[in-house]
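Novice:
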Amino acid sequence: MLDEQVILRGEDSSISRCQVEALAPTIKAHITERLIRSDRWTFSLHAASLVKDGMGLLLCGQPGAGKSTLSLQLVDAGLRYAGDDVALVGADGAICGIPFALTLKEGSWDLLSRLHGGRYDATHCRSDGVLVRYVPIADAYRQSFSASWIIFLNRVASGPAELTAIDRLDSMKRLIDNAFAADGRLSQAGFFALKRIIAGARSLQLTYCEAVEARRVLMDLCNGKA
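So for the sequence shown, this note's numbering puts the first residue at 61; every next one is plus one.
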């Protein structure tokens with residue numbers, strides 16, 4: 061440690077440094093980068109992942125779409141948490157989440173307090189200046205799974221939560237937009253893995269404003285009521 065900074069040395073002998081309050085986010089970012097660049101996985105998806113009775117649910121969306129907040133709600137409703145940011149995909153289409161502690165930005169801290177009191181009020185600062193809090197999930201799902209539902213999040217300023225079916229071609233285009241491959245492009249193996257995922261899952265868009273309503277709609281879906 062030097063002048064309130066932490067110096068990190070990677071396995072490739074690279075040196076980086078960060079402020080003390082940014083240590084946890086920095087370590088998480090480094091580990092995530094190594095995982096998504098591993099040749100074990102065909103590609104990765106920018107998606108949260110949860111599991112109900114062995115069936116996988118993917119929540120796809122860019123930062124700010126509400127993946128982590130919805131994940132917290134769904135874990136509280138009984139789903140098993142697999143990851144809230146990145147999902148790794150094998151050549152056979154099997155998916156594996158990265159079960160880091162769930163990461164919540166400031167807008168979700170009131171919900172966190174309602175569900176967990178002050179247990180997780182330690183605040184960290186990411187390299188982009190965003191303040192976050194971490195919620196460790198004790199019973200995280202650490203195995204590969206098949207996706208049964210692919211949900212594309214569409215967060216709006218007002219209105220009810222509702223699901224809209226998406227055809228396979230549109231789903232594929234959207235997933236490609238959310239995908240990352242180590243060499244920067246989707247390989248033939250990755251394309252076939254993507255086709256397997258889409259063929260075995262229902263693809264829907266969730267338009268919502270309030271996370272609690274989105275939770276109800278998604279739980280109805282997982283319980284066969286939607």
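Where is the CB? At the ideal position from N, CA and C, for every residue including glycine.
Starting from Gly250, follow the beta strand (DSSP E) in both directions and report where the run begins and ends.
Specialist: Here the question's residue 250 lines up with position 190 in the sequence shown. Premise fails: Gly250 lies in the alpha helix (DSSP H), Gln248 to Ala259, not in any beta strand (DSSP E).
Novice: Hey, quick one: how far does the beta strand (DSSP E) through Thr183 stretch, first residue to last?
Specialist: Within the sequence shown, residue 183 is the residue found at index 123, counting from 1. Judged by DSSP secondary structure, Thr183 falls outside any beta strand (DSSP E); it is assigned neither H nor E.
Novice: Helix, strand or coil for Arg140? Go by DSSP, reduced to three states.
Specialist: Within the sequence shown, residue 140 is the residue found at index 80, counting from 1. Of the three classes helix, strand and coil, the one that applies to Arg140 here is strand, per DSSP.
Novice: From this set, Asp199, Leu235, Ala137 and Ile197, which residue's C-alpha is nearest Ala147's C-alpha?
Specialist: Counting from 1 along the sequence shown, the entry for residue 147 is found at position 87. If we check each option's Cα against that of Ala147, Leu235 comes out closest.
Novice: Going along the chain, which residues of its own chain have a beta-carbon closer than 7 Å to the beta-carbon of Ala286, five neighbours each way excluded?
Specialist: As a working note, residue 286 is residue 226 in the sequence shown. Cβ within range, chain order: Leu223, Val277 and Asp280.
Novice: Which value, in whole angstroms, describes the spacing of the CA atoms of Ile211 and Gln265?
Specialist: Position 151 of the sequence shown, counted from the first residue, corresponds to residue 211. Position 205 of the sequence shown, counted from the first residue, corresponds to residue 265. Spanning the two alpha carbons is a distance of roughly 6 Å.
Novice: With 16 other CB atoms within 10 Å as the buried threshold, where does Lys88 fall?
Specialist: Locating residue 88 in the sequence shown gives position 28, where the first residue counts as 1. Buried, by the Cβ-count rule.
Novice: For the beta strand (DSSP E) holding Arg262, just list the boundary residues, first then last.
Specialist: Indexing the sequence shown from 1 puts residue 262 at position 202. Start and end: Arg262 to Tyr268.
Novice: Between the alpha carbons of Lys129 and Ala239, how many angstroms are there, rounded?
Specialist: To locate residue 129, count along the sequence shown from 1; it is residue 69. To locate residue 239, count along the sequence shown from 1; it is residue 179. It is Thr, not Lys, that sits at residue 129 in the sequence shown. Thr129 and Ala239: Cα-Cα distance of roughly 21 Å.
Novice: Could you spell out where the alpha helix (DSSP H) holding Ala274 opens and where it closes?
Specialist: By 1-based counting over the sequence shown, the position of residue 274 is 214. Judged by DSSP secondary structure, Ala274 falls within the alpha helix (DSSP H) whose first and last residues are Ala271 to Cys282.
Novice: Within 10 angstroms of the Cβ of Pro220, are there 16 or more other Cβ atoms? Answer buried if so, exposed if not.
Specialist: Your numbering for residue 220 matches position 160 in the sequence shown. Pro220 is exposed by the Cβ-count criterion.
Novice: Exposed or buried, what is Leu135 when buried is set at 16 or more other beta-carbons lying within 10 Å of its beta-carbon?
Specialist: As a position in the sequence shown, residue 135 is number 75, starting the count at 1. It should be pointed out that residue 135 corresponds to Val in this sequence rather than to Leu. When all chains shown are included, Val135 counts as buried.
Novice: Could you give the distance in angstroms between the alpha-carbon of Ser98 and the alpha-carbon of Ala242?
Specialist: Here residue 98 refers to the residue found at position 38 when the sequence shown is read from its first residue. Here residue 242 refers to the residue found at position 182 when the sequence shown is read from its first residue. Each residue's alpha carbon lies about 7 Å from the other.
Novice: For a test of the three-state rule: what should DSSP assign to Lys54, helix, strand or coil?
Specialist: The question about residue 54 has no answer here: the residues shown for the chain are numbered 61 through 286.
Novice: Among the residues of its own chain, which have a CB less than 7 Å from the CB of Tyr180, if the five just before and after it don't count?
Specialist: The residue given as residue 180 occupies position 120 in the sequence shown. Cβ neighbours of Tyr180 beyond the five flanking positions: Leu172, Arg193, Tyr194 and Val195.
Novice: Taking the DSSP output, what are the residues bridged to Arg215?
Specialist: For this step, residue 215 is matched to residue 155 along the sequence shown. Per DSSP, Tyr268.
Novice: Can you tell me where the beta strand (DSSP E) with Thr224 in it begins and where it stops?
Specialist: Numbered from its first residue, the sequence shown carries residue 224 at position 164. Its beta strand (DSSP E) spans residues Glu222 to Ala225.
Novice: Do you know how far the Cα of Cys282 is from the Cα of Arg186?
Specialist: On the sequence shown, residue 186 is found 126 positions in, with the first residue counted as 1. On the sequence shown, residue 282 is found 222 positions in, with the first residue counted as 1. Cα to Cα, Arg186 sits roughly 33 Å from Cys282.
Novice: Give the DSSP-derived three-state secondary structure of Lys233 in the structure shown.
Specialist: Start at 1 with the first residue of the sequence shown, and residue 233 comes out as number 173. It is helical.
Novice: Compare the C-alpha of Glu166 against each of Ala253, Tyr268 and Val190 and name the closest.
Specialist: The sequence position of residue 166 within the sequence shown is 106, counting from 1. The shortest C-alpha separation from Glu166 is found at Val190.
Novice: Can you find the residues in the same chain that come closer than 8 Å, C-beta to C-beta, to Leu246, ignoring five residues on each side of it along the sequence?
Specialist: Stepping through the sequence shown from its first residue, residue 246 is reached at position 186. Counting only Cβ-Cβ distances below 8 Å, and skipping sequence neighbours, we find Phe103, Ile236, Ala239 and Leu254.
Novice: Only counting runs of 4 or more residues, tell me where the alpha helix (DSSP H) segments fall wholly within the segment 86–111, in order along the chain.
Specialist: The segment 86–111 contains no whole alpha helix (DSSP H) run of 4 or more residues.
Novice: Among Ala259, Arg140 and Pro85, whose alpha-carbon lies nearest the alpha-carbon of Asp188?
Specialist: On the sequence shown, residue 188 is found 128 positions in, with the first residue counted as 1. It is Pro85.
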